[in-house]
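Residue numbers (our numbering): 370 to 663.
In structure tokens form, the structure reads like this:
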């Protein structure tokens with residue numbers, strides 16, 4: 370990162386990101402699981418019931434220019450306002466996107482005999498790697514995007530608004546392949562383009578409440594737009610070197626969390642117990658996380 374002046378910077382670096390892997394039953398299979406019977410899955414061939422999965426992975430090199438500045442204070446001394454903008458361009462080193470469906474197959478007696486698989490994937494990487502990889506995905510990936518943000522600092526409280534991908538686009542050229550039960554059924558050169566504007570909005574806020582004994586911090590955030598909507602709210606009570614946390618969120622289902630932090634002189638230790646709904650079968654899944662910072 371290179372500072373160019375007050376509030377201005379230029380950064381160059383590599384990136385790798387994923388939208389995660391999603392696995393879920395389609396509506397027919399979900400209903401069959403609820404009914405406890407696969408009768409609705411036998412009405413046609415291929416079966417209307419399917420377990421679906423999808424995921425993606427992106428990597429590249431990005432160059433970003435950012436600027437932020439304080440604005441005049443809110444009348445009445447309510448707080449200080451800060452605004453920022455960021456423009457970023459990238460050159461793609463690789464993009465993979467895949468989706469898959471698994472459908473049950475049945476024998477002449479109506480019993481499950483196996484599964485039929487359909488996989489479709491898109492692959493893109495620089496042309497100079499074709500000789501090494503040899504998958505037919507040699508092409509080019511590039512893009513631009515612009516982000517804006519606004520923050521208000523009121524001392525004991527803060528509020529922020531951010532918009533990602535307000536303006537921008539991305540394009541990847543490569544190959545798209547379809548496989549059915551392990552046999553390639555189609556292969557074609559394909560170019561994938563994003564919308565010129567696909568904004569993602571983020572709102573967040575926090576309020577710090579001093580108490581007679583200790584301090585209470587309340588925080589909430591939400592994210593919506595060209596992404597799955599999410600919402601989180603939580604609280605932290607701190608007393609000396611100990612902090613107790615609790616919160617819940619809506620992010621692909623209801624999530625609950627409890628945690629504790631210990632701020633020692635030589636290290637910080639954070640522990641958390643989280644819950645989320647299990648895919649496919651439902652029910653609650655518990656998770657434990659620990660972070661140590663020296």
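The C-beta atom is built at its ideal place from N, Cα and C for all residues, glycine as well.
query: From this set, 557, 380 and 474, which residue's C-alpha is nearest residue 409's C-alpha?
result: 474
field: N- and C-terminal bounds of the beta strand (DSSP E) containing residue 408
entry: Element bounds for residue 408: n/a, residue is neither H nor E.
- request: On the DSSP bridge assignment, give the partners of residue 592 in chain order.
  value: 571 and 599
field: Anticipated Cβ contact below 8 angstroms, residue 547 with residue 555, distance rounded
entry: 4 angstroms
field: Per-residue burial, residue 655 [other beta carbons within 10 Å of its own, 16 or more giving buried]
entry: exposed
query: Out of 643, 642 and 637, which has the shortest C-alpha to C-alpha gap to residue 660?
result: 637
- request: Would you give the residue range spanned by the alpha helix (DSSP H) that residue 401 belongs to?
  value: 396 to 404
- request: With a threshold of 16 other CB atoms inside 10 Å of the CB of residue 480, please say whether the residue is buried or exposed.
  value: exposed
message: Using a Cβ-Cβ cutoff of less than 6 angstroms, which residues in the same chain neighbour residue 520 once the five nearest sequence positions on both sides are dropped?
response: 451 and 529
query: Out of curiosity, what's the CA-to-CA distance linking residue 549 and residue 372?
result: 53 angstroms
query: Mind checking whether residue 602 and residue 589 have CB atoms under 8 angstroms apart?
result: yes
task: Closer than 6 angstroms by C-beta to residue 629: which residues in its own chain qualify, once you throw out the five before and the five after it? Chain order, please.
output: 613 and 640
message: What does the alpha-carbon distance come out to for the pair residue 616 and residue 623?
response: 11 angstroms
Residue(s) in a DSSP beta bridge with residue 512: 459 and 539
query: Any chance the stretch 511 to 526 sits against the stretch 462 to 470, with 3 or more Cβ pairs inside 8 angstroms?
result: no
message: If the criterion is Cβ atoms closer than 8 angstroms, does the pair residue 543 and residue 508 meet it?
response: yes
task: Leaving aside the five residues before and after residue 605 along the sequence, list all residues of the same chain whose C-beta is less than 6 angstroms from its C-beta, in chain order.
output: 586, 612 and 614
message: Relative to the C-alpha of residue 633, which candidate in 642, 620, 619 and 662 has its C-alpha closest?
response: 662
message: For residue 421, report the span of its beta strand (DSSP E) as first-last.
response: 420 to 440
- prompt: Relative to the C-alpha of residue 390, which residue among 621, 424 and 460 is closest?
  reply: 424
- prompt: Hey, how far is the Cα of residue 496 from the Cα of residue 560?
  reply: 14 angstroms
message: Taking only three categories from DSSP, how would you classify residue 499?
response: helix
message: Output needed for residue 608: all residues of its chain with C-beta closer than 6 angstroms, excluding positions within five of it in sequence on either side, in chain order.
response: 583
task: Measure the CB-CB distance between residue 594 and residue 570 and report whether it falls below 8 angstroms.
output: yes
task: Can you tell me which of 435, 422, 399 and 562 puts its alpha carbon nearest to the alpha carbon of residue 388?
output: 422
- request: With distances taken Cα to Cα, identify the nearest neighbour of residue 618 among 635, 631 and 644.
  value: 644
task: Tell me whether residue 578 is buried or exposed, calling it buried when 16 or more other Cβ atoms sit within 10 Å of its Cβ.
output: exposed
Residue 659, DSSP secondary structure in three states: strand
Candidates 568, 557, 511 and 610, of which the one nearest residue 430 by Cα: 511
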